[in-house]
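Trainee:
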Amino acid sequence: LLVALEHRRRTGEGQLVESTMVEAALNAAADQVLEWQAYGQLVERDGNRGPVAAPQNLYACRGEEQWLALAVVTDEHWRALVELLGRPAWAADPRLATRAGRRARHDAIDAELSRWCAAHERDALVAQLLARGLPAAPVLHPREAASNPQMLARGFFEAETHPVTGTHELPGLPMRFSDVERWYRSPAPTLGEHTEEVLRELLGLGDEAIAELRAAGIIGERPDGA
Numbered sequence: 013l014l015v016a017l018e019h020r021r022r023t024g025e026g027q028l029v030e031s032t033m034v035e036a037a038l039n040a041a042a043d044q045v046l047e048w049q050a051y052g053q054l055v056e057r058d059g060n061r062g063p064v065a066a067p068q069n070l071y072a073c074r075g076e077e078q079w080l081a082l083a084v085v086t087d088e089h090w091r092a093l094v095e096l097l098g099r100p101a102w103a104a105d106p107r108l109a110t111r112a113g114r115r116a117r118h119d120a121i122d123a124e125l126s127r128w129c130a131a132h133e134r135d136a137l138v139a140q141l142l143a144r145g146l147p148a149a150p151v152l153h154p155r156e157a158a159s160n161p162q163m164l165a166r167g168f169f170e171a172e173t174h175p176v177t178g179t180h181e182l183p184g185l186p187m188r189f190s191d192v193e194r195w196y197r198s199p200a201p202t203l204g205e206h207t208e209e210v211l212r213e214l215l216g217l218g219d220e221a222i223a224e225l226r227a228a229g230i231i232g233e234r235p236d237g238a
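Below, the structure is given as structure tokens:
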């Protein structure tokens, strides 16, 4: 849409914009198509595991609905995890020293890590994993997202006051610009809030024409019959 608007601005000509659901989906999930075209590899369901890291999964920790995400990407990560685990006998298997070996025995590793995580508090365990350079993060309930330290440090949530619903913390854009302090400049408009502004400034209508539209029920600030 922005490209079409820019084209109109430059040339004065409009554009017919067509967008299909499948084309948008393929742009978001093109890796499956590329894997097949390039390597003949059919990407199938693999739970929370990925194509590179091993082990990689979500693990339940002590307490109700307390989960963490962990991805052991490199052999160095694996050695750090083994140290944190306390060098258990099962982790000493030399076949687990390589990523290929760990991927082949992912189920067995998951079973051991599941038992280990179940005995520990989520946040404490995540802190220990991160301290050793392991990619890990808590799985957050929506109510926890607004107080997440990383989100607060990034300024992801911005307070905005709406004339009807009041003040709320709203999620911003997933990026930061050096010269943009905040993304939200105004709350979402109420029904018909800017109708007169558009009619006057963009369409050039006067008071009489706007009054006629309002009297005919064509414009207004409340739904018809409300």
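For the sequence shown, the residue numbers in this note's numbering are 13 to 238. Where is the CB? At the ideal position from N, CA and C, for every residue including glycine.
1) Looking at ALA148 and LEU82, is the spacing between their C-beta atoms short of 7 Å?
2) Please classify VAL64 as buried or exposed, where buried requires at least 16 neighbouring CB atoms within 10 angstroms.
3) Using 10 angstroms around the beta-carbon of ILE230, count the other beta-carbons present and answer buried if the total reaches 16, otherwise exposed.
4) Excluding the 5 residues flanking GLY26 on each side, which residues of the same chain have their C-beta closer than 7 Å to its C-beta?
5) Within the region 21 to 75, note down every full beta strand (DSSP E) run reaching 3 residues or more, in order along the chain.
6) Tell me HIS174's beta-bridge partners as DSSP assigns them.
7) List the endpoints of the continuous beta strand (DSSP E) containing LEU185.
8) On the three-state DSSP scale, how would you describe VAL151?
9) For ALA158, which of helix, strand or coil comes out of DSSP?
10) Within 10 angstroms of the Cβ of GLN242, are there 16 or more other Cβ atoms? Answer buried if so, exposed if not.
11) Compute the Euclidean distance between the alpha carbons of GLN49 and GLN162, then round it to the nearest angstrom.
Mentor: For this structure:
1) On the sequence shown, position 70 is the one that residue 82 refers to. On the sequence shown, position 136 is the one that residue 148 refers to. Result yes, Cβ atoms of LEU82 and ALA148 sit closer than 7 Å.
2) Start at 1 with the first residue of the sequence shown, and residue 64 comes out as number 52. Exposed is the call here.
3) The residue given as residue 230 occupies position 218 in the sequence shown. So ILE230 ends up on the exposed side.
4) Mapped onto the sequence shown, residue 26 falls at position 14. Around GLY26, the same chain offers ARG20 as residues with beta carbons nearer than 7 Å, after the five sequence neighbours per side are excluded.
5) Segments of the beta strand (DSSP E) lying fully in the region 21 to 75: 68 to 72.
6) Numbered from 1 along the sequence shown, position 162 holds the residue referred to as residue 174. Answer is GLY178, bridged to HIS174.
7) Within the sequence shown, residue 185 is the residue found at index 173, counting from 1. Taken as a continuous stretch (DSSP letters only), LEU185 belongs to no beta strand (DSSP E), as it is neither H nor E.
8) As a working note, residue 151 is residue 139 in the sequence shown. Looking at VAL151 - three-state DSSP - the assignment turns out to be strand.
9) By one-based count along the sequence shown, residue 158 stands at place 146. The answer is coil: DSSP assigns ALA158 none of H, G, I, E or B.
10) This structure gives no information on residue 242, because the portion of the chain shown stretches from 13 to 238.
11) Residue 49 sits at position 37 when you count from the first residue of the sequence shown. Residue 162 sits at position 150 when you count from the first residue of the sequence shown. The straight-line gap from Cα to Cα measures roughly 38 Å.
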